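Student: Position 183 of the sequence shown, counted from 1, bears residue number 183 in this note's numbering, the numbering being contiguous throughout.
First the structure, then my questions, so here it is.
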Amino acid sequence: MSTQPEIINIPQEPASDSNNTSHPAAHTYITLAPLVYSGPVPKPSEACADPLPEEQLRLNHEQKQRELAEKEREAKTASNAPAPTSTDSAADNIAHKASGWFASIKSAATLIAVNVEKTTHDMSIVTEDKVRQLDNQRNFDRFRTHFRSLVRQGEVLLADYGCSTIHGGRIVDGHLQITRHYVCFSAQTSNVVEQAADRLRMAVNENTGGKISAPPAKVEGIRDAIPLASVACVQRCVSLPKVDHPLPYFLPLPDPSVAATALQIYVPEGNRVFQFFNFESITSKAGGILSENLKGTALDRAYCYLDHAWRDCVAVPLEGVEYAS
1 MSTQPEIINI PQEPASDSNN TSHPAAHTYI TLAPLVYSGP VPKPSEACAD PLPEEQLRLN
61 HEQKQRELAE KEREAKTASN APAPTSTDSA ADNIAHKASG WFASIKSAAT LIAVNVEKTT
121 HDMSIVTEDK VRQLDNQRNF DRFRTHFRSL VRQGEVLLAD YGCSTIHGGR IVDGHLQITR
181 HYVCFSAQTS NVVEQAADRL RMAVNENTGG KISAPPAKVE GIRDAIPLAS VACVQRCVSL
241 PKVDHPLPYF LPLPDPSVAA TALQIYVPEG NRVFQFFNFE SITSKAGGIL SENLKGTALD
301 RAYCYLDHAW RDCVAVPLEG VEYAS
């Protein structure tokens, strides 16, 4: 069972033509129509102990710098072979000199390798930073486009992940965006959104007796902002395909060793459960250096951001909420 979507009308500026007396077109965004749950809310799991992804990057870069510095120190130490003494025989002196030559050659080769590794690491950091800056800018532009009111309130975008969700019994692809006080979802116009909008227009038309004075609104897409203070549980789970059914089945993690592939967010108001799956990000797509310094999958990182922001925003578990034992 799913809830009915709400609509948000945003009027456009009237046309400059003074002879144009028609109504200004309105852009409509539909809120998510998630499933409705019954019974108690699942008990929240322990707080995520992993540091935020940007902190993971910083720690990994510092660790790499320490490792390279240690390699360089060892190479320089190895090149300082002991000098022959006056009591050594001619054969011993030759052996000492040969040993010193070999040590110097080995040390020089090691230092060259370390310098190459340092240069490669520094270049990869520069490339990684540029890619992340570009991705962050695109994410912020998307957030500013869909959630201008939150931007005006001073909300800071923490993370943006592409994902899918269930809307009105259908799968919709969009973006999950996490701020300090909200978890947001936005999706551009698609056939699924248009169909949901058509059903909504029909319902409005029936409720008004078939008399709608305003022109049909142009559906821009879906957008919804869920206050983190209203969230009772953020649950990691597994999404499994069903036989002869397009919607997946969501199963709570049966064991800590099972990798999560979906998130469920329980909101007691309206008994709503928002389900998100098929997570991806620029780092998970790029692979290589962009993802090797980060722990887990795109979903793991999204959960890390979400769990930290949620627990910073409200005391968990929520008071007055019936949780499963």
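Glycine is no exception: its CB is placed at the ideal position from the N, C-alpha and C atoms.
What you are looking at is a predicted structure, and each value in this text was computed from that prediction instead of being measured.
(1) Classify residue 44 as buried or exposed, calling it buried when 16 or more other Cβ atoms lie within 10 Å of its own Cβ.
(2) Grab me the residues of residue 53's own chain with a C-beta within less than 6 Å of its C-beta, minus the 5 sequence neighbours each way, in chain order.
(3) Can you check DSSP and say which residues form a bridge with residue 275?
(4) Would you say the beta carbon of residue 302 comes nearer than 7 Å to a heavy atom of the ligand FAD?
(5) Nearest to residue 182 by CA position, among 141, 305 and 296, is which residue?
(6) What residue range does the beta strand (DSSP E) around residue 160 cover?
(7) Quick one: Cα of residue 144 to Cα of residue 169, how far?
(8) Just checking, does the segment 235 to 250 make contact with the segment 317 to 325 on the three C-beta pairs under 8 Å criterion?
(9) Excluding the five sequence neighbours on either side, which residues of its own chain have a C-beta within less than 6 Å of the C-beta of residue 223, listed in chain order?
(10) Keeping to the same chain, check which residues put their C-beta closer than 8 Å to that of residue 156; ignore five residues upstream and five downstream.
(11) Output the distance between the C-alpha atoms of residue 269 and residue 36, rounded to the nearest integer angstrom.
(12) Which same chain residues end up closer than 7 Å to residue 230 when comparing Cβ atoms and leaving out the 5 residues on each side of it in sequence?
(13) Give me, in chain order, the residues of the same chain whose beta-carbon lies closer than 7 Å to that of residue 329; leave out the 5 immediate sequence neighbours on both sides.
(14) Would you tell me roughly how many angstroms separate the C-alpha atoms of residue 167 and residue 221, rounded to the nearest one?
(15) Evaluate residue 272 with the Cβ neighbour count: other Cβ atoms within 10 Å of its Cβ, from every protein chain shown; 16 or more gives buried, anything less gives exposed.
(16) Which value, in whole angstroms, describes the spacing of the CA atoms of residue 307 and residue 139?
(17) Excluding five sequence neighbours on each side, which residues of the same chain lie with their C-beta closer than 6 Å to the C-beta of residue 232?
(18) Give the straight-line distance between the Cα atoms of residue 226 and residue 176, rounded to the nearest whole angstrom.
(19) Quick one: is residue 255 buried, meaning 16 or more other Cβ sit within 10 Å of its Cβ, or exposed?
(20) Report the CB separation of residue 279 from residue 298 in whole angstroms; it is logged as a contact under 8 Å.
Tutor: According to the data block:
(1) buried
(2) 294 and 301
(3) 264
(4) Looking at this structure, you won't find the ligand FAD or any other ligand, since it has none at all.
(5) 305
(6) 157 to 167
(7) 28 Å
(8) no
(9) 29, 146 and 186
(10) 179 and 180
(11) 10 Å
(12) 267 and 269
(13) Given a span of 1 to 325 for the chain in the structure shown, any question on residue 329 remains unanswerable.
(14) 12 Å
(15) buried
(16) 20 Å
(17) 41, 266, 268, 318 and 321
(18) 11 Å
(19) exposed
(20) 4 Å
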